[in-house]
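Written below as structure tokens is the structure these notes are about.
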Amino acid sequence: MKPPLFDYLVARSSEEAVKLLSEYPGAMILAGGQSLIPAMNFRLAAPAALIDINRISDLRRIDIVDGNVRVGAAVRHRDLEQNDAAFAANPLLRAALYHVAHVPIRNRGTTVGSLCHADAAAEMPMVLLLTGGWVTAEGPSGQRDIPAEEFFEFHMTTSREADEMIVSATFPGLPTGAGHAFAEFARRKGDYAIAAVGAIVERGADGVISSARIAACGISSRPVRLSEVEAALVDTKLSDDDIHRAGELAKQSVTAPDDAHATTAYRQHLLASLTRRVVRQAAGIMKES
Ligand SMILES: Cc1cc2nc3c(=O)[nH]c(=O)nc-3n(C[C@H](O)[C@H](O)[C@H](O)COP(=O)(O)OP(=O)(O)OC[C@H]3O[C@@H](n4cnc5c(N)ncnc54)[C@H](O)[C@@H]3O)c2cc1C
Numbered sequence: 038m039k040p041p042l043f044d045y046l047v048a049r050s051s052e053e054a055v056k057l058l059s060e061y062p063g064a065m066i067l068a069g070g071q072s073l074i075p076a077m078n079f080r081l082a083a084p085a086a087l088i089d090i091n092r093i094s095d096l097r098r099i100d101i102v103d104g105n106v107r108v109g110a111a112v113r114h115r116d117l118e119q120n121d122a123a124f125a126a127n128p129l130l131r132a133a134l135y136h137v138a139h140v141p142i143r144n145r146g147t148t149v150g151s152l153c154h155a156d157a158a159a160e161m162p163m164v165l166l167l168t169g170g171w172v173t174a175e176g177p178s179g180q181r182d183i184p185a186e187e188f189f190e191f192h193m194t195t196s197r198e199a200d201e202m203i204v205s206a207t208f209p210g211l212p213t214g215a216g217h218a219f220a221e222f223a224r225r226k227g228d229y230a231i232a233a234v235g236a237i238v239e240r241g242a243d244g245v246i247s248s249a250r251i252a253a254c255g256i257s258s259r260p261v262r263l264s265e266v267e268a269a270l271v272d273t274k275l276s277d278d279d280i281h282r283a284g285e286l287a288k289q290s291v292t293a294p295d296d297a298h299a300t301t302a303y304r305q306h307l308l309a310s311l312t313r314r315v316v317r318q319a320a321g322i323m324k325e326s
């Protein structure tokens, strides 16, 4: 199918893009177009105008600011995946991006576009939540930071206002010495996750877990932190029983109903298994689930 008629506008600066958003009610930002253009072709989206932000050079920057990775709105997934400074600050970015679609799509699709699209099974919204990151929105009255917890409201729904553009996303660097892991199950390599889990674990010299952050996607209407699992892991030495219990607790976070890809019970099974795997891997204990 072909998309409905739309106006095509090219913004040369963030200010111009934001101005155009206010001037054209029903306009949408065009980043990589890997989700928006198919949606228009299927007539699931019918924007009055597309505001192309790909020529705004400021938005193509990846900066390390105070140890955090700031990703501009026009940065392609693939550029972030291959950026060594970003990898050094937060290796989870590369680990997760490997699972996002295929290389040709990552060559064009943007990481901020993925956050704005906010598919509940998408990897990068989960990584933003896992790492305690935020997006920076620019609107007619200036910029504001929106923490990941407040940004992702529901499947394909964020707290961005209609007259705001997201200019960047900031993924905090991992704490020195923290262990990390990312694991995903999808029907085929490059598909959206049926379930994926990420973990950041810190361990004292005595082997006791001092902090644990665990998040998942594909199992609910938005990416979620597995708070009960995190709390259960802290102050343990990660015995087999501790890890088994973490997997059982993780099952409670599955709220996705049965769908064409998996039943709720199967997602619970996956989430338990993936959680045990990432916790072991992040803590440096490799063992079969
Ligand atoms: C075959 C296929 C497989 C895929 N598999 C996966 C996968 O496994 N995991 C995954 O996460 N993704 C997957 N994707 C999606 C891919 O990651 C897209 O790149 C991403 O979802 C959207 O990025 P984009 O730059 O293409 O955004 P676009 O398609 O240009 O925009 C997406 C939406 O975000 C809005 N938007 C974009 N940028 C901004 C901004 N700066 N401010 C405000 N709103 C903005 C747009 O208006 C639109 O509503 C897949 C895509 C395809 C075609």
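Going letter by letter, the sequence shown gives residues 38 to 326 in the working numbering. Backbone N, C-alpha and C define an ideal beta-carbon position, used for all residues, glycine too.
Coarse secondary structure for residue i, derived from DSSP in three states
i, result
"Val-149", "helix"
"Thr-292", "coil"
"Leu-46", "strand"
"Val-315", "helix"
"Ser-310", "helix"
"Phe-79", "coil"
"Arg-131", "helix"
"Gln-305", "helix"
"Asp-182", "strand"
"Asn-120", "coil"
"Glu-325", "Confidence is the limiting factor: at Glu-325 the pLDDT is only 46, short of 50, which leaves the residue's position unreliable and the question unanswerable from this model."
"Gly-170", "coil"
"Ala-6", "Coverage of the chain is limited to positions 38 through 326, which leaves residue 6 absent and any answer about it impossible."
"Ile-231", "coil"
"Gly-20", "It is not possible to answer for residue 20, since the shown part of the chain is limited to 38 through 326."
Pair within 7 Å by beta-carbon distance, residue i and residue j
i, j, result
"His-281", "Gly-227", "no"
"Gly-210", "Gly-104", "yes"
"Ala-252", "Val-266", "no"
"Ile-90", "Ala-54", "yes"
"Ala-110", "Val-47", "no"
"Ile-101", "Ala-122", "yes"
"Leu-67", "Leu-96", "no"
"Gly-241", "Arg-145", "no"
"Pro-114", "Leu-134", "Just to set this straight, residue 114 is His in the shown sequence, not Pro. Yes; because the gap between Cβ atoms is below 7 Å, this pair is in contact."
"Ala-158", "Arg-259", "no"
Residue of the options minimising C-alpha distance to residue i
i, options, result
"Arg-98", "Ala-83, Asn-120, Ile-88", "Asn-120"
"Ser-290", "Cys-254, Phe-189, Phe-188", "Cys-254"
"His-136", "Thr-312, Ala-230, Leu-308, Arg-313", "Ala-230"
"Ala-319", "Val-261, His-217, Ala-309", "His-217"
"Ala-16", "Gly-170, His-154, Ala-82, Leu-311", "No statement about residue 16 is possible, as the shown extent of the chain runs from 38 to 326 and does not include it."
"Ser-264", "Arg-250, Lys-274, Ser-276, Ile-256", "Arg-250"
"Leu-57", "Thr-168, Arg-197, Met-202, Phe-191", "Met-202"
"Arg-49", "Leu-308, Ile-93, Pro-40", "Ile-93"
Counted within 10 angstroms of its Cβ, other Cβ atoms place residue i as buried (16 or more) or exposed
i, result
"Gln-71", "buried"
"Ala-132", "buried"
"Met-163", "buried"
"Leu-42", "exposed"
"Val-245", "exposed"
"Thr-195", "buried"
"Asn-78", "exposed"
"Gln-180", "exposed"
"Gly-284", "buried"
"Gly-214", "exposed"
"Phe-222", "buried"
"Val-315", "buried"
Any non-hydrogen atom of ligand 3 closer than 6 Å to residue i Cβ
i, result
"Leu-73", "Ligand 3 is not part of the structure shown, which contains ligand 1 as its ligands."
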